[in-house]
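Chains A and B, in that order, give the protein sequences.
Numbering of the first sequence is given in the working numbering, commencing with residue 1 and proceeding in unit increments.
Numbering of the second sequence is given in the working numbering, commencing with residue 114 and proceeding in unit increments.
We put the CB at the ideal spot given by N, CA and C, even for glycine.
Heads up: the structure comes next, in structure tokens.
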Amino acid sequence: DVKVTQSSRYLVKRTGEKVFLECVQDMDHENMFWYRQDPGLGLRLIYFSYDVKMKEKGDIPEGYSVSREKKERFSLILESASTNQTSMYLCASSGGMGGLEQYFGPGTRLTVT
Amino acid sequence: SQKIEQNSEALNIQEGKTATLTCNYTNYSPAYLQWYRQDPGRGPVFLLLIRENEKEKRKERLKVTFDTTLKQSLFHITASQPADSATYLCALEKRGSQGNLIFGKGTKLSVKP
């Protein structure tokens with residue numbers, strides 16, 4: 001079974017703090033994704049990566065950066081957290097054996113106060 | 114731009130009936146379409162993928178159809194059970210991407226005993 005894990009289920013941070021969200025997958029997938037999910041807006045893609053050290057902007061990259069130093073690990077960084085970044089953050093991976101489906105982690109509920 | 118719509122925000126049905134969820138898309142002809150299930154506070158879970166040259170796909174009590182003329186996919190759950198209650202997301206490949214997906218906002222299905 002594919003397993004995607006995220007470093008925290010719940011996180012509370014203060015405005016202006018630097019926040020790191022980590023994601024690890026154990027299936028040797030090439031592709032990794034970071035989404036945020038908000039009521040009424042659905043899932044929106046923040047950043048994605050098709051290979052180690054490679055990153056591409058998604059639909060809403062402003063205020064975020066990412067890092068992929070190893071194939072199995074994809075980190076999302078909020079350089080200076082703001083209240084409008086309070087959301088559910090979901091990591092996903094895909095690509096093993098040419099698979100198109102995405103496997104999601106359990107999510108991190110981030111609250112910025 | 115590509116748009117994907119799931120017509121109903123919520124669907125309530127009686128146990129044992131067939132649930133039918135609708136996904137419509139515009140401005141694009143995707144090579145494939147996917148359906149996911151999401152439980153509250155959890156990441157989405159992949160259910161089925163259907164390609165443009167497939168009219169129908171089945172998996173146990175699940176059936177998906179893909180009508181490229183109508184630009185519509187239907188997702189059926191036969192003999193529904195209360196355990197099927199969840200939000201179901203439709204996703205299609207993003208034009209010009211290497212496996213990126215655009216997700217619908219989901220339909221929340223409630224199956225009453």
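Looking at the C-beta of residue i, does it have a partner C-beta in chain B at a distance below 8 Å?
i, result
"phenylalanine 20 of chain A", "no"
"glycine 107 of chain A", "yes"
"serine 94 of chain A", "yes"
"leucine 131 of chain A", "The requested residue 131 of chain A is not part of the displayed model; chain A covers only 1 to 113."
"leucine 114 of chain A", "No answer is possible for residue 114 of chain A: the residues shown for chain A start at 1 and end at 113."
"leucine 45 of chain A", "yes"
"phenylalanine 104 of chain A", "yes"
Residue i touches chain A at which residues, Cβ-Cβ below 8 Å?
i, result
"glycine 217 of chain B", "Gly42"
Name the chain A residues whose beta carbon is nearer than 9 Å to that of residue i?
i, result
"tyrosine 141 of chain B", "None at all; the shortest Cβ gap to chain A is about 15 Å."
Who are residue i's beta bridge partners in DSSP?
i, result
"isoleucine 126 of chain B", "B:Val224"
"leucine 146 of chain B", "B:Ile163 and B:Leu205"
Just tell me which of the options has its CA closest to the CA of residue i.
i, options, result
"lysine 53 of chain A", "A:Gln25, A:Lys71, A:Met27 and A:Thr108", "A:Lys71"
"glutamate 128 of chain B", "B:Lys221, B:Tyr141, B:Glu173 and B:Ile190", "B:Ile190"
"arginine 174 of chain B", "B:Gln194, B:Ser223 and B:Gly156", "B:Gln194"
"tyrosine 138 of chain B", "B:Thr131, B:Gln147, B:Ala199 and B:Ala132", "B:Gln147"
"threonine 108 of chain A", "A:Glu17, A:Lys57, A:Gln37 and A:Leu100", "A:Gln37"
Would you say residue i and residue j are within 8 Å of each other, going by their C-beta atoms?
i, j, result
"isoleucine 46 of chain A", "leucine 76 of chain A", "yes"
"lysine 172 of chain B", "leucine 161 of chain B", "yes"
"phenylalanine 20 of chain A", "phenylalanine 33 of chain A", "no"
Which residues of chain B have a Cβ atom closer than 8 Å to the Cβ of residue i, listed in chain order?
i, result
"asparagine 31 of chain A", "Gln211 and Gly212"
"glutamate 101 of chain A", "Gln147, Phe159 and Leu162"
Check whether chain A comes within 8 Å of residue i, counting only Cβ atoms and requiring the distance to be less than that.
i, result
"leucine 146 of chain B", "no"
"arginine 171 of chain B", "no"
"arginine 174 of chain B", "no"
Quick one: which chain A residues come within Cβ less than 7 Å of residue i?
i, result
"glycine 129 of chain B", "Result: empty, since nearest Cβ-Cβ is about 29 Å, beyond 7 Å."
"arginine 150 of chain B", "Near arginine 150 of chain B there are no residues of chain A at all, since even the closest Cβ is about 11 Å away, more than 7 Å."
Starting from residue i, find everything on chain B with Cβ-Cβ shorter than 7 Å and list it in chain order.
i, result
"phenylalanine 48 of chain A", "Asn213"
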